[in-house]
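Engineer: Below are the structure tokens for one structure; questions will follow.
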């Protein structure tokens, strides 16, 4: 049995010229250009000299490019003063060189024949190499041994089990150097990301039995002492109070005395970066020295207090869009965030100010806002005002908010020269909203689901006051279509691609969106129109115009209703290039929506069509061509927006 450590195999593949004269080795390290093995050279007075000899390699196609790329002979082909004696010495070492390369791929019993076919001077002829790699060596056993505190720690039982699973993963597979390196890297990372930042790889051995074609792997890990997180130190806090950064870090899970965890440090870093107070945030510890409790260092680069942003956009629903937004991240005296926004579109106009307090120790923040809007639907123009006061909490997978809302709206019909609402209709309500998210990727999801629910209880402010309840719910889910996208083929010398825990679908994904709403009140209750429902347009039911699905009135206009139902099914297919998805997608969709004052009167209007998406660096582009089954006409839906 031959015992081959990984370092020996690597040395065999990289060396092989030790017995050549030093001047020959030095010349081999000097680049002269690139040559293709086996390509004939043509004399050219202006071109660089061709190769001194050619290589004719016969080997299985799966490994031939790897051998041609890494064999030592390639380094000497372009040496102008290489003579016949030096080439003979190189050829004598070629079998060992190729054998070392094949060993990194799991072939330890190859048959290698090297022959030289002379030609007329000054060329040195053709080197013919015949390689039969033989059967590959497979990993039979893989064991890991622990040293340090991890051996007897009950808290580290799950960590030990995960490391043992990582070590045993290559059992049954062909042994390769790249996979072996990957296993060692993975187990060391598994050791050091939790409790043991000083952990190290003490020993490793690949025991190769070339005759039996078996590989036995051994790894020895030293965990060192367990470490805990200590006090939080902040550097770079100049514009914003350092306590804000400490509070955000604590909300992410950093508490003095907890076990060291790289995941917690990364969560704190993400939370700081997502606060919009800092351009960059780096959360680290220095696991040197003998301290059990490691100080947590937060290094910050802050954003400016204020930002002015102009936005341009367009949609077929609402025409061109212009927006102006002013943001102050830290109002002097109170430390609140203020976001003021003006937006003008063809049918909608909006002015809004929103004030938000810093987050407290339980992740809640106070919010208050005032909003004025004007909405044009056919001949009806609805002007509304909204005041809101409450609190909200935002987390990675769920959000929650509680607020009091005052709503007032007035609708005027320009065709009849009369107010549809003889006076402004007002209401006051208590509201609770929840949002849950479970997506594999929050930016470009392939699978998962999200649910948003809002419940409000209130009363109208007219005499006599009438109670009402309002419920609105939205659900979105993605799931892959087709079999899993195959992993790219493993190239010789490269580590095996890790399997995805949730592979992507080869035919894209389906996106299902459902929305429902209801306002429960007595029939005679008069509510602000902005609490009722209309639908249709680019983001709801394609094939229809903006808010074109409602209740027809006797005046020929559309009125909002108390009940809403919307459904959309979309088949999203990324346009792939070289097997990888690009920024373009093709979609097929079916949309449906209905609005009524009674549930039994809901009648769905359908739209079908196709479109494309483009996720550009400066903003998304959406183009859909939809056919509305009710109006029996085609409608182009275009949405694009940029912020600068």
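Numbering (this note's numbering), first residue to last: 827 to 1470. Where is the CB? At the ideal position from N, CA and C, for every residue including glycine.
What does the alpha-carbon distance come out to for the pair residue 1431 and residue 1369?
Structural biologist: 9 Å
Engineer: Tell whether a beta-carbon distance below 7 Å holds between residue 1235 and residue 1219.
Structural biologist: no
Engineer: Are the stretch 1278-1295 and the stretch 1251-1265 touching, with three or more C-beta to C-beta distances below 8 Å?
Structural biologist: yes
Engineer: Would residue 1045 be called buried (16 or more neighbouring beta carbons within 10 Å of its own) or exposed?
Structural biologist: buried
Engineer: Secondary structure at residue 1241, three-state DSSP: helix, strand or coil?
Structural biologist: Assigned with DSSP and collapsed to three states, residue 1241 falls in coil, not helix or strand.
Engineer: Return the residue from the list 1387, 1450, 1426 and 1405 that minimises the CA-CA distance to residue 1415.
Structural biologist: 1450
Engineer: Whole angstroms are fine: how far does the CA of residue 1000 sit from the CA of residue 962?
Structural biologist: Between residue 962 and residue 1000, the C-alpha separation is close to 6 Å.
Engineer: Within a Cβ cutoff of 6 Å, which residues of the same chain sit near residue 1460, ignoring the five residues on either side of it in sequence?
Structural biologist: 1453
Engineer: Is residue 799 buried or exposed, if buried means 16 or more other CB atoms sit within 10 Å of its CB?
Structural biologist: The question about residue 799 has no answer, for the chain in this structure spans 827 to 1470.
Engineer: By how many angstroms is the C-alpha of residue 1302 removed from the C-alpha of residue 1060?
Structural biologist: 40 Å
Engineer: Considering only the alpha carbon of each residue, which of 998, 907, 969 and 1421 lies closest to residue 1010?
Structural biologist: 969
Engineer: Return the bridge partner residues of residue 795 from the DSSP annotation.
Structural biologist: Lying outside 827 to 1470, the shown extent of the chain, residue 795 is not represented and no answer is given.
Engineer: Let me know the secondary structure DSSP gives residue 1074 once reduced to three states.
Structural biologist: helix
Engineer: Going by Cα to Cα distance, which pick from 1398, 1402, 1361 and 1377 is closest to residue 1392?
Structural biologist: Checking every option, the nearest Cα to that of residue 1392 belongs to 1361.
Engineer: If you draw a straight line from the alpha carbon of residue 1017 to that of residue 1054, how long is it in whole angstroms?
Structural biologist: Going from the Cα of residue 1017 to the Cα of residue 1054 covers about 15 Å.
Engineer: What does DSSP give as the partner residue(s) for residue 1199 in the beta ladder?
Structural biologist: Beta-bridge partners of residue 1199 (DSSP): 1176 and 1210.
Engineer: Skipping 5 residues on each side, what residues in its chain have a beta carbon closer than 6 Å to that of residue 1143?
Structural biologist: 1363, 1364 and 1372, listed in sequence order.
Engineer: Judging by CA-CA distance, which residue of 1436, 1023, 1077 and 915 is the nearest neighbour of residue 1187?
Structural biologist: 1077
Engineer: Measuring alpha carbon to alpha carbon, tell me which residue in 1290, 917 and 935 is nearest residue 1352.
Structural biologist: 1290
Engineer: Pick helix, strand or coil for residue 927, following the three-state DSSP scheme.
Structural biologist: For residue 927, the secondary structure class from DSSP, reduced to helix, strand or coil, is helix.
Engineer: Quick one: what's got a C-beta closer than 8 Å to residue 1128's C-beta in the same chain, skipping five residues either side?
Structural biologist: 1062, 1063, 1064, 1065, 1066, 1103, 1104 and 1105
Engineer: Is it true that the stretch 907-915 meets the stretch 985-997, where meeting means three or more beta-carbon pairs spaced less than 8 Å apart?
Structural biologist: no
Engineer: When you compare each of 878, 1374 and 1071 to residue 903 by their alpha carbons, which one comes out closest?
Structural biologist: 878
Engineer: Does the structure place the stretch 1396-1407 close enough to the stretch 1332-1343 that three or more beta carbon pairs sit under 8 Å?
Structural biologist: When C-beta atoms of the stretch 1332-1343 are compared with those of the stretch 1396-1407, three or more pairs fall below 8 Å, so the two segments count as touching.
Engineer: Going by DSSP, which residues form a beta bridge with residue 1166?
Structural biologist: 1152 and 1179
Engineer: Does the separation of the CB atoms of residue 1204 and residue 1366 fall below 7 Å?
Structural biologist: no
Engineer: Who does residue 933 pair with in a DSSP beta bridge?
Structural biologist: Answer is none; residue 933 lacks a bridge partner.
Engineer: Alpha carbons only, please: which of 1015, 1198 and 1465 is nearest the one belonging to residue 1048?
Structural biologist: 1015
Engineer: What's the gap between the Cα of residue 1124 and the Cα of residue 1058?
Structural biologist: 7 Å
Engineer: Would you say residue 1023 lies against chain C (beta-carbon separation less than 7 Å)?
Structural biologist: Structure shown: chain C not included; a single protein chain is present.
Engineer: Out of 1086, 1101 and 979, which has the shortest C-alpha to C-alpha gap to residue 1110?
Structural biologist: 1086
Engineer: Among residues of its own chain, excluding the 5 on either side of residue 1199, which ones have a beta-carbon nearer than 6 Å to its beta-carbon?
Structural biologist: 1176 and 1210
Engineer: Return the CA-CA distance between residue 1121 and residue 1083, expressed in angstroms with no decimal places.
Structural biologist: 10 Å
Engineer: Which residues bound the alpha helix (DSSP H) around residue 990?
Structural biologist: 983-994
Engineer: Using only CA atoms, which one of 897, 971 and 1040 lies nearest to residue 940?
Structural biologist: Per the Cα distances, 897.
Engineer: According to DSSP, simplified to helix, strand and coil, what is residue 884?
Structural biologist: strand
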